[in-house]
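Peer 1: Everything in the sequence shown is counted per our numbering, starting at 4 for the first residue and increasing by one. I'd like to ask some things about the structure below.
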Amino acid sequence: MTPPTHHPHDIAIIGGGLVGASLALALEPTGLSVAVVEPVAAEGGEPQGPGYDERTVALTDNARRIYTDLGVWERLMAQPQPPQPIREIHISDRGHFGMTHLSHADMDGGVEALGYVVPTRTLGGELHRRLRHSAAITLHCPATAERLRARESGIVVSLAADAHNAPSTTLSARLAVLADGGRSPLARQMGIQSGTTDYRQSAILSVVATDRDHRGRAYERFTDEGPLALLPHSERRYAVVWSTARERVAARMALSDAAFIAALQTAFGERAGAFSEPSARTRYSLQHGITRRPIGARTVTIGNAAHTVHPVAGQGFNLGLRDVAALAEVIRAARARRQDIGGRDVLEEYAARRRRETARVSGFTDGLIRVFGSRRAPVRLARNLALAGIELCPPAKRFLLRRTMGRVSAGRVRSA
Numbered sequence: 004m005t006p007p008t009h010h011p012h013d014i015a016i017i018g019g020g021l022v023g024a025s026l027a028l029a030l031e032p033t034g035l036s037v038a039v040v041e042p043v044a045a046e047g048g049e050p051q052g053p054g055y056d057e058r059t060v061a062l063t064d065n066a067r068r069i070y071t072d073l074g075v076w077e078r079l080m081a082q083p084q085p086p087q088p089i090r091e092i093h094i095s096d097r098g099h100f101g102m103t104h105l106s107h108a109d110m111d112g113g114v115e116a117l118g119y120v121v122p123t124r125t126l127g128g129e130l131h132r133r134l135r136h137s138a139a140i141t142l143h144c145p146a147t148a149e150r151l152r153a154r155e156s157g158i159v160v161s162l163a164a165d166a167h168n169a170p171s172t173t174l175s176a177r178l179a180v181l182a183d184g185g186r187s188p189l190a191r192q193m194g195i196q197s198g199t200t201d202y203r204q205s206a207i208l209s210v211v212a213t214d215r216d217h218r219g220r221a222y223e224r225f226t227d228e229g230p231l232a233l234l235p236h237s238e239r240r241y242a243v244v245w246s247t248a249r250e251r252v253a254a255r256m257a258l259s260d261a262a263f264i265a266a267l268q269t270a271f272g273e274r275a276g277a278f279s280e281p282s283a284r285t286r287y288s289l290q291h292g293i294t295r296r297p298i299g300a301r302t303v304t305i306g307n308a309a310h311t312v313h314p315v316a317g318q319g320f321n322l323g324l325r326d327v328a329a330l331a332e333v334i335r336a337a338r339a340r341r342q343d344i345g346g347r348d349v350l351e352e353y354a355a356r357r358r359r360e361t362a363r364v365s366g367f368t369d370g371l372i373r374v375f376g377s378r379r380a381p382v383r384l385a386r387n388l389a390l391a392g393i394e395l396c397p398p399a400k401r402f403l404l405r406r407t408m409g410r411v412s413a414g415r416v417r418s419a
């Protein structure tokens, strides 16, 4: 039997999706040796994992600044389909009078956009390209981490033997970062537990054409089933995120394109124009989960491995990216102080820095779903009065925009 091989690193990142890849690039200037373990192989040079599919991600202005610091944003803007700016957001409660309109012009100091819509394949492709060409990052792909073993001075990551009969491999590092998505089995293995609430909804995703220019306007329309979001995707096209009751998902996914467009038009109305030409539909279950203590022995969880939130207000990936900024900063500071980057004191510092914002964003998104999901007449009246009040109150608009744009916590990733 061939003995396992051994590769020493400073940091092992388990999961090469958008969050894990972003962290690897954020750590690149530190001089630390970083290994990234990703189970899904690339094909034709393009990543194929769940973080790199046909979905879109709405990046806040704070996320734009992070990717600017990493040298990624300029490359994204040069792509054939560059990030699409969101300059306005129209929020409404279907069948009721409540409505508010948010604009980039409402922000103090002015910003060019409230956020940006980027296909995950475009963003993932650029991150993956950088990983492959980095001298400081070792990419193990395809490779699956199946076990973690913490030691006094480091942690051992055991990789499974692959389908091509390659021998099992072990990686040693001072710190393991779990960026392997929700319900991470390795997190549970290390005693990192999270509570999960099932919303009994799934998000149906598609891209549809419309007969008019979107002019950078996004829509969030609350329905009895859940929120229905339209995000500017490209010229006269919207990315659709349709929260659907669990019992209706299969039937809605099985609709013909024409029937799907008709159902979407009925649910949303005519404000964004006449829809047509839907892309292939995908779906994923919607849950709420938070890890109260995202750290274990020489282990830290980030992104969906640490918290999952409803896609309402587009906070999920942006929250994970702020994990990246905070962890990179904590590691950089610890290294300057000559601390053990995987030691308990450093991990406690990171957990303390992220605790408040994670709880705030998680509570904010969960609260929106519960308030707008209620069918009680007093709650309906209150939420519509609130929407109408926000429309008439500029300070309330600025407060809501700071929440959704990540301006409450303005984390950055320095280039050196």
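Glycine is no exception: its CB is placed at the ideal position from the N, C-alpha and C atoms.
Kindly indicate which three-state DSSP category E332 falls into: helix, strand or coil?
Peer 2: Here E332 sits in helix by DSSP.
Peer 1: Starting from E280, follow the beta strand (DSSP E) in both directions and report where the run begins and ends.
Peer 2: No beta strand (DSSP E) contains E280, which DSSP labels as neither H nor E.
Peer 1: My parser needs the beta strand (DSSP E) runs of 3 or more residues fully inside the stretch 206 to 232; what are they?
Peer 2: Runs found: 220 to 225.
Peer 1: Which class does E1 belong to by DSSP, given the choice of helix, strand or coil?
Peer 2: Residue 1 is absent from the structure shown; the chain starts at 4 and stops at 419.
Peer 1: If you follow the alpha helix (DSSP H) that M102 is part of, which residue opens it and which one closes it?
Peer 2: Element bounds for M102: not the alpha helix (DSSP H) but the beta strand (DSSP E), M102 to S106.
Peer 1: Under 8 angstroms, with one C-beta from each stretch per pair, do the stretch 63 to 83 and the stretch 173 to 190 reach the 3-pair mark?
Peer 2: Not touching, per the Cβ criterion.
Peer 1: Can L181 and T361 be called in contact, C-beta distance under 9 angstroms?
Peer 2: No; because the gap between Cβ atoms is not below 9 angstroms, this pair is not in contact.
Peer 1: Taking one C-beta from the stretch 133 to 143 and one from the stretch 13 to 30 each time, how about it: are there three or more such pairs within less than 8 angstroms?
Peer 2: Touching, yes, given that three or more Cβ pairs across the two stretches are closer than 8 angstroms.
Peer 1: Note the first and the last residue of the continuous beta strand (DSSP E) segment covering Q318.
Peer 2: Note, Q318: premise wrong, no beta strand (DSSP E); not H, not E.
Peer 1: Terminal residues of the continuous alpha helix (DSSP H) containing S259?
Peer 2: Segment: none, S259 is in no alpha helix (DSSP H) and carries neither H nor E.
Peer 1: With 16 as the cutoff for other CB atoms within 10 Å, does P11 come out buried or exposed?
Peer 2: When all chains shown are included, P11 counts as exposed.
Peer 1: Along the chain, where does the alpha helix (DSSP H) containing E394 start, and where does it finish?
Peer 2: Here the alpha helix (DSSP H) through E394 covers A380 to L395.
Peer 1: Determine whether the beta carbon atoms of A27 and A221 lie at a separation below 9 angstroms.
Peer 2: No, the pair does not count as a contact, with Cβ atoms beyond the cut-off.
Peer 1: Just to check my reading of the structure: S259 and S209 have Cβ atoms closer than 8 angstroms, yes? What is that Cβ distance to the nearest angstrom?
Peer 2: About 13 angstroms; that fails the 8 angstroms criterion.
Peer 1: Residues bridged to G198 by DSSP?
Peer 2: Answer is I293, bridged to G198.
Peer 1: At the level of alpha carbons, what is the spacing between N168 and D183?
Peer 2: Its pLDDT being 49, under 50, N168 is placed unreliably in this model, and the value from its coordinates should be taken loosely. Their backbone Cα atoms lie some 24 angstroms apart in a straight line.
Peer 1: Under the DSSP definition of a beta bridge, which residues are partnered with A61?
Peer 2: V120.
Peer 1: With respect to the alpha helix (DSSP H) encompassing E77, which residues constitute its N-terminal and C-terminal limits?
Peer 2: Residues W76 to M80.
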